Each structure stands twice: as C-alpha cells, then as structure tokens.
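**Q** Before we start, here is the structure in question, set down as structure tokens.
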Amino acid sequence: MKLSMQASASRREFIKNTGKLAAVSALANVTIPAVHAAGSDLIQVALIGCGGRGGGAAANALSVKRGPVKLVAMADIFPDRLQKDLTKLQTQFASQVDVPQERQFIGFDAYQKAMDCLKPGDIAIFATPPAFRWVHFTYAIQKGVNVFMEKPLTADGPTSKRMLNLGHEAQAKNLKVGVGLMSRHNRAMQELAKRVHDGKIGEIILQRGYRMHGLGGYFNSLPKPAGITDLLYQVQRFHSFIWASGGCFNDFYIHLIDQLGWMKNEWPVKAQALGGREYRSSPEGIMYVDQNFDTYSVEYTYSDGTKFFFDGRTIPGCEQIYSSYLHGTKGSGIASKAGDCGQPSSLYASQDLTNKMFWESKVKPEEHDPYQNEWNDLVDAIRDDKPYNEVQRGVEASLVSSMGRMAAHTGREVTFDQMLNCDFEMSPNTDKFTMDSPAPLVADADGRYPVPQPGIVTSREY
C-alpha cells in the first residue's frame with residue numbers, strides 16, 4: 156500500500172471522514188491566501204520556541220537557496236532562551252535578522268503575538284514542546300501562514316485526531332506545512348527507498364532500529380528547585396514528562412521509527428514492549444523525578460506479520476549503537492549508518508552487512524544536510540505554489556512512537572487503532588495555559604511525579 160500508509164479499516168475511515176469535514180469547514184467563507192510565487196519576494200519568519208532545534212531551524216530557514224528570507228519575530232516563555240538564540244542568529248545572519256525588542260514576546264500567548272507580525276504566506280516555526288503543537292497550528296491556519304513544525308507532533312490519541320483535522324484544514328487553505336522528520340529529505344535515504352520499493356532486496360522480512368547512548372536532552376530531572384512553578388519546570392524539562400513531549404521515547408526514537416516505516420511503505424499495526432528504570436539517582440544520590448524508562452525494547456508488527464525490533468537505551472557506559480537496518484528475501488540494507496540518518500545508505504546481496512555490497516548512496520555535497528534539504532524543499536513549494544503538507548505522516552509517525560511507548564509503559568499489546576482512539580488526553584487545557592496555571596502533572600509530597608507501572612496501571616501510562 157502506498158504512502159499515506161496502512162493500518163486498518165477503522166483508521167482509514169476516520170481519516171476519510173475527517174478530510175470531508177475539514178474541507179467543508181475550512182473552505183467556508185475563506186479567501187485562499189496569496190503565496191510567494193516570485194523568487195524575489197521576501198518571506199518573513201517567526202520563531203516560536205527557542206533553544207535546541209528552534210535556533211537550528213531558524214538558521215536553516217535563513218540559509219535556504221531561494222531567498223530572501225528574514226527573521227522578524229521570536230517567542231518563548233523563557234527570556235534567556237530567546238536572547239541566546241537571538242544573539243547567535245544575529246551573529247551568523249546579521250542582515251537577515253530584524254527582531255527588535257517590540258517583536259520579542261514572552262509568555263504562553265507569545266505565539267499569537269509573533270504570528271501577528273507575519274502576513275499571509277510567511278512562515279511560522281514551531282519548536283516548542285509538542286504538547287503545544289495543535290494550539291499553535293490552529294492559530295497559524297487562522298492567520299493563513301505556512302508552517303514548519305518540529306517533531307513529534309503528538310503524544311496521545313485526542314491530540315492526534317485534532318492534528319489530523321488541522322492538517323486537512325491547512326491543505327484546504329493551500330498552506331504549506333513541513334514537519335521536522337528530516338530523514339524523508341535525506342537524499343541517500345530517498346534513493347534507498349526507491350531501490351527497496353523496487354524490490355532490490357526482495358520483500359522486507361525484518362527491520363532493526365537502535366538508539367542506545369548516554370544521557371541526552373532533558374531526559375532525567377532532579378526535583379523541582381525553588382523559584383519556578385511546576386508548570387514552567389515541566390515545560391522547561393519537557394523530555395522528562397510524557398504529557399509535554401511523549402518522553403524520551405517519542406522525541407529520541409521517532410526518526411528511526413519513521414524511516415523504517417517509510418522503507419516498509421506502511422506503518423506497524425501493533426506493538427508489544429518492555430522497559431525499565433534501572434538507574435534513578437544522580438551521582439550525588441539524589442533521586443530523579445522524570446517519567447522515562449532507561450531502557451525500551453519494542454516488537455512492532457506490520458499487517459503481513461513482518462517484525463520491526465526497536466531497542467532504546469539511555470545509560471552511560473554501555474555499548475553505543477545508533478543505526479537502522481533492513482533484511483529482505485534477496486538481501487539486506489543499512490538505512491542509517493550512524494545517528495538519525497547517517498550516510499551513506501547501502502544494500503547487500505546477503506544478510507551479512509560487511510560484504511557483497513552492491514549499492515551505496517552518493518549525494519551531492521550541497522545536499523548532504525537533510526536539515527537544510529527540508530527547508531529548501533518547503534521554500535521551493537511556497538515559491539512555486541506546489542502542494543506540500545507533511546502533517547498526516549508526522550501525526551502517524553508520532554502515533555506509532557506513542558504506540559511503542561504505551562506498550563512498554565503498560566505491559567500490554569497496543570494497536571495503532573487503540574492508540575489513535577485512546578481517549579486519555581494528557582494535557583487537555585494546553586490552549587488555556589498562563590504563567591500561573593497548574594501543571595498537568597502533580598508531584599507528591601516528596602516532589603516526585605507518577606511513573607509508569609507496567610501490569611499495574613494498564614489503561615493509561617501513569
């Protein structure tokens with residue numbers, strides 16, 4: 156089955172129906188916004204969510220082949236993160252950064268103020284924790300601006316359904332939407348996918364993905380310090396909290412899950428998994444309070460019974476493996492040699508990945524960076540007014556990630572449809588947050604947060 160990818164009849168029916176509804180609602184009394192058709196037109200950009208990938212995405216936006224592009228507004232809830240990114244971008248792109256004090260916005264409503272600085276056809280970058288993705292995307296569609304949003308897009312079923320609907324609305328309004336799953340813009344993997352789909356290694360019978368390394372990001376967290384609210388602490392350390400990010404599983408592992416689903420040309424239909432919290436204190440003996448497991452091992456199953464095994468680990472001092480592999484009836488392949496999409500990709504005439512290689516990717520130097528490629532592709536679509544909407548794939552990749560995470564956290568088999576239709580929304584009031592709002596997750600008297608208990612708590616993750 157070709158991409159928009161397979162799961163089950165109920166999922167297909169859901170997407171079919173939401174598409175009809177979205178098209179009707181989005182086109183009523185709507186004027187399709189003008190796009191930047193001419194290569195000399197200025198595209199303005201607003202960065203919403205600074206630090207980490209936010210600054211990186213803004214740098215990619217300002218480095219596109221088909222400018223001019225200018226950064227005109229920034230938003231965050233932490234002033235220091237905004238200033239750090241602004242200083243770095245001003246140093247690197249002095250003539251393309253025009254963000255005076257009056258266009259630097261702080262607070263949970265800052266995203267609206269930043270997008271109010273744009274005109275229809277400009278681009279908003281969403282690099283906040285994914286819990287805010289649907290909130291910001293809703294406003295972008297109202298404003299008629301194109302969007303680049305970082306992965307993952309969702310962490311639960313209700314927000315996934317919401318984002319699928321919003322994706323259809325954006326498409327009906329001719330908005331271009333990129334999603335930061337940069338493997339799809341990795342030229343080596345694009346060539347690999349063509350060959351795999353053409354049967355160069357036969358039918359895929361097994362896939363393997365590994366991301367095993369030390370601590371990273373905001374994976375584990377010490378008890379909340381004084382001087383910051385629970386909500387701001389959880390947003391600041393979003394990798395530690397499932398409601399904010401899907402935890403380390405969704406944020407760290409989604410790239411390998413997405414690229415192997417792409418190679419198989421469908422999504423897994425179910426998952427069973429295990430994991431555990433082996434080391435839960437700092438070197439000083441202070442207990443961490445995050446919700447993550449240290450290890451995850453997931454058996455994903457496709458509709459034809461094919462297995463995809465994924466192993467994740469964030470424990471220092473262990474063997475580090477960070478790569479992905481394909482095994483077919485006529486041979487095998489390496490999708491990512493090292494990292495999320497490490498080049499070159501390669502194919503082999505046996506199951507031995509050390510000899511009988513018959514193809515290895517070769518990529519032009521100027522197209523070697525998939526992060527830059529995805530921005531060049533998005534701006535090309537805007538300039539040439541080509542259809543461009545990566546939301547459905549982004550939501551589905553997020554759902555498959557959540558499916559594996561929930562299977563490990565509950566100790567139960569979880570299907571794609573169960574994940575999509577799970578009615579537990581981890582943060583139902585994200586659109587109403589203020590600086591004084593209570594956090595979606597409440598700490599106990601010792602400052603610790605609920606953690607998954609497989610086999611004990613099985614209908615939800617905590």
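With positions in the sequence shown counted from 1, the corresponding number in the numbering used here is that position plus 155. All residues carry an ideal CB built from backbone N, CA and C; glycine is no exception. The model shown is predicted, which means the values in this text are computed figures rather than measured ones.
Taking the C-alpha atoms as reference points, what is the distance between isoleucine 611 and aspartate 540?
**A** So the alpha carbons of these two residues sit roughly 52 Å apart.
**Q** Assign glutamine 547 to one of three DSSP states: helix, strand, or coil.
**A** Helix, per DSSP.
**Q** By DSSP's criteria, aspartate 231 is part of a beta bridge. Which residues make up the other side?
**A** Aspartate 231 is bridged to Ile261.
**Q** Give me the DSSP bridge partner(s) of alanine 399.
**A** Beta-bridge pairing links alanine 399 to no other residue.
**Q** Going along the chain, which residues of its own chain have a beta-carbon closer than 8 Å to the beta-carbon of valine 444, five neighbours each way excluded?
**A** So the list reads Ser376, Leu377, Pro378, Lys379, Ser395, Ala598, Gly602, Arg603 and Tyr604, once near-sequence residues are dropped.
**Q** For glutamate 454, which beta-bridge partners are listed by DSSP?
**A** According to DSSP, glutamate 454 bridges with Gln427 and Phe464.
**Q** Would DSSP call alanine 189 helix, strand or coil?
**A** At alanine 189, the pLDDT of 45 sits below 50, so the modelled position is not reliable and the matter cannot be decided from this model.
**Q** Where DSSP assigns a beta bridge to phenylalanine 404, which residues make up the other side?
**A** DSSP, once it has assigned bridges, lists no residue as partnering phenylalanine 404.
**Q** Going by C-alpha to C-alpha distance, which of Phe248, Ala343, Gln238 and Ile261 sits closest to serine 516?
**A** The residue with the shortest Cα to Cα distance from serine 516 is Ala343.
**Q** Leaving aside the five residues before and after aspartate 253 along the sequence, list all residues of the same chain whose C-beta is less than 8 Å from its C-beta, in chain order.
**A** Within the same chain, aspartate 253 has close Cβ partners Lys225, Leu226 and Val227.
**Q** Give the straight-line distance between the Cα atoms of threonine 613 and lysine 462, rounded to the nearest whole angstrom.
**A** Cα-Cα distance, rounded: 24 Å.
**Q** For leucine 330, I'd like the list of residues in its chain whose CB is within less than 6 Å of its CB, leaving aside the five on either flank, ordered along the chain.
**A** Excluding sequence neighbours, leucine 330 sits near Asn301.
**Q** On the DSSP bridge assignment, give the partners of isoleucine 278 in chain order.
**A** Paired residues: Val200 and Asn301.
**Q** Just grab the DSSP bridge partners of threonine 570 for me.
**A** Threonine 570 is bridged to Lys425.
**Q** Mind checking who histidine 482 pairs with in its DSSP beta bridge?
**A** Histidine 482 is bridged to Leu361 and Ser487.
**Q** For glycine 333, write down the residues that DSSP places opposite it in a beta bridge.
**A** DSSP lists Phe303 as partners of glycine 333.
**Q** Among Ile203, Ile356 and Ala201, which residue has its Cα nearest to the Cα of leucine 508?
**A** Considering only alpha carbons, the answer is Ile356.
**Q** To the nearest angstrom, report how far apart aspartate 459 and glycine 483 are at their CA atoms.
**A** Going from the Cα of aspartate 459 to the Cα of glycine 483 covers about 14 Å.
**Q** Among the candidates Ala269, Gly559 and Leu502, whose CA atom is the shortest distance from the CA of glutamate 454?
**A** If we check each option's Cα against that of glutamate 454, Gly559 comes out closest.
**Q** In angstroms with no decimal places, state the Cα-to-Cα distance between alanine 193 and lysine 243.
**A** Below a pLDDT of 50, predicted positions are generally treated as unreliable, and alanine 193, at 40, falls in that range; the measurement from the model is reported next regardless. The alpha-carbon atoms of alanine 193 and lysine 243 are separated by roughly 30 Å.
**Q** State yes or no: is the C-beta of glycine 467 within less than 8 Å of the C-beta of lysine 306?
**A** No, Cβ-Cβ distance for glycine 467 and lysine 306 is not below 8 Å.
**Q** Cα separation between glutamate 324 and proline 593?
**A** Between glutamate 324 and proline 593, the C-alpha separation is close to 31 Å.
**Q** Roughly how many whole angstroms lie between the Cα atoms of isoleucine 280 and alanine 214?
**A** Approximately 11 Å between the Cα atoms of the pair.
**Q** Given this structure, state the Cα-to-Cα distance separating glycine 401 from lysine 328, to the nearest angstrom.
**A** Computed Cα separation, rounded: 29 Å.
**Q** For the region 479–497 against the region 352–367, do three or more pairs of beta-carbon atoms, one drawn from each stretch, fall closer than 8 Å, so that the two count as touching?
**A** Yes, the region 479–497 is in contact with the region 352–367.
**Q** Can you tell me whether DSSP reads aspartate 351 as helix, strand or coil?
**A** Rather than aspartate, the amino acid found at residue 351 in this sequence is valine. Correct three-state label for valine 351: helix.
**Q** Kindly say whether valine 612, judged by its beta-carbon, lies nearer than 8 Å to any beta-carbon of chain D.
**A** Here chain D cannot be found, since the structure has a single protein chain.
**Q** Mind checking whether serine 437 and glycine 364 have CB atoms under 8 Å apart?
**A** Not a contact, by the Cβ cut-off of 8 Å.
**Q** Report buried or exposed for arginine 435, applying the criterion of at least 16 other Cβ atoms within 10 angstroms of its Cβ.
**A** Looking at its Cβ environment, which holds fewer than 16 other Cβ atoms inside 10 Å, arginine 435 is exposed.
**Q** Run through DSSP, which three-state label would valine 219 get?
**A** Three-state result, valine 219: coil.
**Q** Have a look at the DSSP bridge pairing and note the partners of histidine 368.
**A** Its beta-bridge partners are Thr469.
**Q** Please work out which residues of its chain come closer than 6 Å, Cβ to Cβ, to proline 607, disregarding the five sequence neighbours upstream and downstream, and give them in chain order.
**A** Excluding sequence neighbours, proline 607 sits near His564, Glu616 and Tyr617.
**Q** With DSSP as the reference, label lysine 541 as helix, strand or coil.
**A** Looking at lysine 541 - three-state DSSP - the assignment turns out to be coil, as it is neither helix nor strand.
**Q** Going by C-alpha distance, which of Phe263, Ala295 and Ala286 is nearest lysine 147?
**A** Look at the range of the chain in this structure, 156 to 617, and you will see that residue 147 is not part of it.
**Q** Quick one: is serine 641 buried, meaning 16 or more other Cβ sit within 10 Å of its Cβ, or exposed?
**A** No answer is possible for residue 641: the residues shown for the chain start at 156 and end at 617.
**Q** Who are the Cβ neighbours of alanine 600 in its own chain at under 6 Å, not counting the five residues just before and after it?
**A** Excluding positions up to five away in sequence, the list is empty.
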